[in-house]
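Working notes for the structure below.
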Amino acid sequence: MSKKIFLTGVPGMRHLPTKSNREAWALAKEASTLILQVMKERQAAGYEKDLMYNFTT
Numbered sequence: 090m091s092k093k094i095f096l097t098g099v100p101g102m103r104h105l106p107t108k109s110n111r112e113a114w115a116l117a118k119e120a121s122t123l124i125l126q127v128m129k130e131r132q133a134a135g136y137e138k139d140l141m142y143n144f145t146t
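Set out below in structure tokens:
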């Protein structure tokens with residue numbers, strides 16, 4: 090039985106700093122950083138009244 094399958098039913102497992110959780114957290118942080126960077130660049134360039142603008146306000 091795989092270790093990942095065995096531990097999926099354990100409550101709170103997603104909060105423990107396992108290797109896969111750390112990788113997932115790093116990817117989520119990178120994605121958030123990239124999205125915020127694009128939003129700030131668009132805001133500085135003067136884009137307004139589009140879908141991306143709605144998320145910044």
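Each residue of the sequence shown is one higher than the one before, starting from 90 at the first, in this note's numbering. Every residue, glycine too, gets a C-beta built ideally from N, C-alpha and C.
Could you spell out the range, first to last residue, of the alpha helix (DSSP H) harbouring residue i?
i, result
"R131", "108–134"
Please tell me whether residue i has its Cβ less than 7 angstroms away from any Cβ of chain D.
i, result
"T122", "No chain D appears in this structure, which consists of one protein chain only."
Using a Cβ-Cβ cutoff of less than 8 angstroms, which residues in the same chain neighbour residue i once the five nearest sequence positions on both sides are dropped?
i, result
"K129", "none"
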